[in-house]
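Residue numbers 8 to 252, in the numbering used here, belong to the letters of the sequence shown in order.
From the three backbone atoms N, C-alpha and C, an ideal C-beta is built for every residue, glycine too.
Contents: one structure, followed by commentary.
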Amino acid sequence: MSNAAQTITRPSFPPEASREVALADPTSVAPVPESWSELREARDIQFEELTIVPPPLPEPAEPSWFSQMLREVFAWLGEVLFPVAAFFGESWPVMKWVLLALLIAFVLYLIARNIGLISRRRQMPRSATSEPEWQPDQKESTALLQDADELAAQGRFDEATRLLLQRSVRQIAAAKPDWVEPSSTARELAALPALSDRARAAFGAISERVERSLFALRSLSKEDWEAARAAYADFARVEIKQASA
8 MSNAAQTITR PSFPPEASRE VALADPTSVA PVPESWSELR EARDIQFEEL
58 TIVPPPLPEP AEPSWFSQML REVFAWLGEV LFPVAAFFGE SWPVMKWVLL
108 ALLIAFVLYL IARNIGLISR RRQMPRSATS EPEWQPDQKE STALLQDADE
158 LAAQGRFDEA TRLLLQRSVR QIAAAKPDWV EPSSTARELA ALPALSDRAR
208 AAFGAISERV ERSLFALRSL SKEDWEAARA AYADFARVEI KQASA
């Protein structure tokens, strides 16, 4: 490509074309409407309001059998409970006082029950001190120790100790049913004010070892069994020769 300047030549138009453009007839442009009626009659302008038709909604799905069943159940409940609701609605001015009276009576019952339990617990040591110290039957205690000694002789110290606790609780429940409730635990019996100090000490020693065997997952040793046996024998005032383990 040479370094010489290039000359751009403009295309030439014939003089007739330029003259025709300059002398164009102004009436060839679309006429502008001179009145509102002419503007309204113009076909190229939209004056009518457009109505947009929304698409049709999808048809609702058929309810499942579970929904249909729930609907029928709730409809049945509504029919059944409607008379009750109507009754309470009409008699509410009276029913609200009845319900309030029932609530007050229930609260008074709870208060009286708690006061009765407290007074009974307070009177329990007095009645216990006025009566002679209770202890289990001699023959039953002797038979219990013999059965427990047989288990201990086989090295089954956990079972022997649990047997002492279970039967001693059964002895107290049979002799003094008002002392033992169905939900009473060995710890509660060990702290029962109606029992003597000897009985509470025996229950404490036996229950402590039974809990250790059950919840701490530790097998009882021969020393544990001998301590529990000695505590029960002292409480029951039974002295028999212990079988050798």
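Unbroken alpha helix (DSSP H) run spanning residue i, endpoints
| i | result |
| --- | --- |
| Thr-162 | In the sequence as presented, Thr is not what sits at residue 162; that position holds Gly. From DSSP, Gly-162 is part of no alpha helix (DSSP H); its letter is neither H nor E. |
| Ala-49 | Counting along the chain, Ala-49 falls outside any alpha helix (DSSP H), and DSSP gives it neither H nor E. |
| Val-217 | 204-222 |
| Arg-236 | 229-243 |
Inter-residue spacing [alpha-carbon to alpha-carbon] between residue i and residue j
| i | j | result |
| --- | --- | --- |
| Leu-30 | Pro-62 | Interpretation of Leu-30 is limited by its pLDDT of 47, a score under 50 that renders its predicted location unreliable; the figure taken from the coordinates is listed afterwards. Straight-line Cα distance between these residues: approximately 56 angstroms. |
| Val-91 | Val-101 | 15 angstroms |
| Phe-2 | Leu-152 | Look at the range of the chain in this structure, 8 to 252, and you will see that residue 2 is not part of it. |
| Leu-158 | Phe-164 | 7 angstroms |
| Asp-231 | Asp-204 | 21 angstroms |
| Leu-117 | Thr-149 | 44 angstroms |
| Trp-104 | Ser-74 | 40 angstroms |
| Phe-210 | Ala-238 | 8 angstroms |
| Leu-59 | Phe-81 | It should be noted that the sequence gives Ile, not Leu, for residue 59. One C-alpha to the other measures close to 42 angstroms. |
| Ala-180 | Leu-106 | 41 angstroms |
| Arg-56 | Ala-68 | Per the sequence shown, the amino acid found at residue 56 is Glu instead of Arg. Roughly 36 angstroms separates the two Cα atoms. |
| Lys-89 | Leu-64 | Looking at the sequence shown, residue 89 is not Lys but Phe. Cα to Cα, the separation comes out at about 36 angstroms. |
| Ser-175 | Pro-143 | 8 angstroms |
| Ala-93 | Glu-195 | 52 angstroms |
| Arg-50 | Glu-66 | 41 angstroms |
| Gly-96 | Glu-86 | 16 angstroms |
| Pro-7 | Ala-108 | This structure leaves residue 7 out entirely; the chain is present only between 8 and 252. |
Integer Cβ distance of residue i from residue j, believed to fall under 8 angstroms
| i | j | result |
| --- | --- | --- |
| Arg-253 | Ala-155 | With the chain covering only 8 through 252, there is no way to say anything about residue 253. |
| Leu-170 | Ser-214 | Wrong, their Cβ atoms sit about 13 angstroms apart, outside the cutoff. |
| Ser-220 | Thr-168 | 7 angstroms |
| Ala-234 | Ala-212 | 6 angstroms |
| Glu-147 | Gln-178 | 6 angstroms |
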